[in-house]
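Accompanying notes for the structure given below.
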Amino acid sequence: MKKRVTGIGGVFLKAEDPKATNEWYDKHLGIKSGQWGGTFIWRHAEDKEKRGYTAWSIFKNDTTYTNPSKKDAMINYRVEDLEALLKVLKEEGVEVVGEMESFEYGKFGWIMDPNGYKIELWEPFDGPYEEMLNEDDVNRMS
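Residue numbers (this note's numbering): 7 to 148.
Pasting the structure below:
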């Protein structure tokens with residue numbers, strides 16, 4: 007099997023007031039974000055011409071997106087072959103949550119870690135994802 011995780015795809019936090027929380031992160035840490043969060047752009051180590059993306063988003067405390075987890079955070083990992091990885095993880099006894107979903111910008115699957123965190127796995131299609139970006143919400147990494 008190819009590499010399982012190839013990078014961090016996103017960091018998702020819960021907050022009572024996502025707008026105020028985003029403003030705090032912008033003011034004090036310089037992290038820009040909009041309605042759907044922000045995106046960090048970086049270059050692949052193996053191919054400096056290829057860009058990668060890491061999402062940053064604050065959800066309202068009552069979001070159901072992170073269910074069944076009761077935790078206040080969720081991490082998204084970039085993976086190479088989501089379908090094969092989910093199969094292997096299931097065989098290894100890892101709890102798979104829901105069904106894999108496909109979108110124009112990638113495939114998504116979810117698992118639970120041993121501490122009750124829901125983990126999102128993303129096989130990205132970077133081209134379509136890049137076309138969706140709002141430049142005001144982009145955080146460029148050097």
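Positions of the beta carbon are idealized from the N, C-alpha and C atoms, including for glycine.
- Task: Let me know if residue 120 comes out buried or exposed under the rule of 16 or more other beta-carbons within 10 Å of its beta-carbon.
- Result: Looking up residue 120 in the sequence shown gives position 114. Of the residues assessed, residue 120 falls on the exposed side of the cut-off, its CB having fewer than 16 other CB atoms within 10 angstroms.
- Among 25, 55 and 131, which one has its Cα closest to the Cα of residue 156? No answer is possible for residue 156: it lies beyond the span of the chain, which begins at 7 and ends at 148.
- By Cβ distance below 6 Å, which residues in the same chain neighbour residue 112 in space, the five residues on each side in sequence not counted? The sequence position of residue 112 within the sequence shown is 106, counting from 1. Within its own chain, the residues whose Cβ lies closer than 6 Å to the Cβ of residue 112, once the five positions on either side in sequence are excluded, are 128, 129, 130 and 131, listed in chain order.
- Beta carbon of residue 76 nearer than 8 Å to that of residue 24: For this step, residue 76 is matched to residue 70 along the sequence shown. For this step, residue 24 is matched to residue 18 along the sequence shown. Their beta carbons are not under 8 Å apart, which means residue 76 does not touch residue 24 by this criterion.
- Task: Along the alpha helix (DSSP H) that carries residue 30, what are the first and last residues, could you check?
- Result: As a working note, residue 30 is residue 24 in the sequence shown. Judged by DSSP secondary structure, residue 30 falls within the alpha helix (DSSP H) whose first and last residues are 24-35.
- Task: Using only the heavy atoms of the ligand HEM, determine whether one of them is closer than 7 Å to the beta carbon of residue 12.
- Result: Annotation note on the ligand HEM: not contained in the displayed structure, which lists no ligands.
- Figure out for me which residue from 105, 51, 124 and 99 has the closest Cα to the Cα of residue 72. For the purposes of this step, residue 72 is identified with residue 66 of the sequence shown, where counting begins at 1. Ranked by Cα distance from residue 72, the options 105, 51, 124 and 99 are led by 124.
- Just checking, does the region 77-85 make contact with the region 13-30 on the three C-beta pairs under 8 Å criterion? They touch, by the three-pair rule.
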